[in-house]
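Take a look at the structure below.
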Amino acid sequence: MTKQTIVRSWGNSQGIRLSKDILNTANIQVEDILQIEASENVIILRKIPKHKTFEERLAEYQGKISISDFDWGAPKGKEML
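So in the numbering used here, spot 74 of the sequence shown is number 96, and the numbers just go up one at a time.
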């Protein structure tokens, strides 16, 4: 999606406004934290994943724990068998 916006004065700083459809497309909501990268003529904003609280993780829990065996391969040294 490509759109245009204008840099405006905002207090002692400058700012831009992003339309709701741009934010929806990028899955960004109010209060999300963004990482900013800047180089000549380019600004990149990336959403930083939010840390889930214990309560949020518990709400997503479906009662299943996936445990799988791990094959370490054949012994290669003096491991105890």
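Glycine residues also receive a C-beta, built at the ideal position from the N, C-alpha and C atoms.
*At which residues does the beta strand (DSSP E) containing A60 begin and terminate?*
L56 to S61
*Where the alpha helix (DSSP H) through L80 begins and ends*: Its alpha helix (DSSP H) spans residues F76 to E82.
*asked:* Judging by CA-CA distance, which residue of I28, K100, L40 and D54 is the nearest neighbour of K72?
replied: When each option's Cα is compared against that of K72, the closest is D54.
*asked:* To the nearest angstrom, how far is the alpha carbon of E62 from that of N46?
replied: So the alpha carbons of these two residues sit roughly 27 Å apart.
*How big is the Cα-Cα spacing for S90 and Q36?*
53 Å
*Leaving aside the five residues before and after I119 along the sequence, list all residues of the same chain whose C-beta is less than 7 Å from its C-beta, in chain order.*
The structure shown does not extend to residue 119, since the chain is modelled only from 23 through 103, so no value can be given for it.
*Can you grab the Cα-Cα spacing for the pair K42 / T27, in whole Å?*
13 Å
*Between which two residues does the beta strand (DSSP E) carrying A86 extend?*
Looking at the sequence itself, residue 86 is Lys, so the reference to Ala does not match. That residue, K86, is in no beta strand (DSSP E); it is neither H nor E in DSSP.
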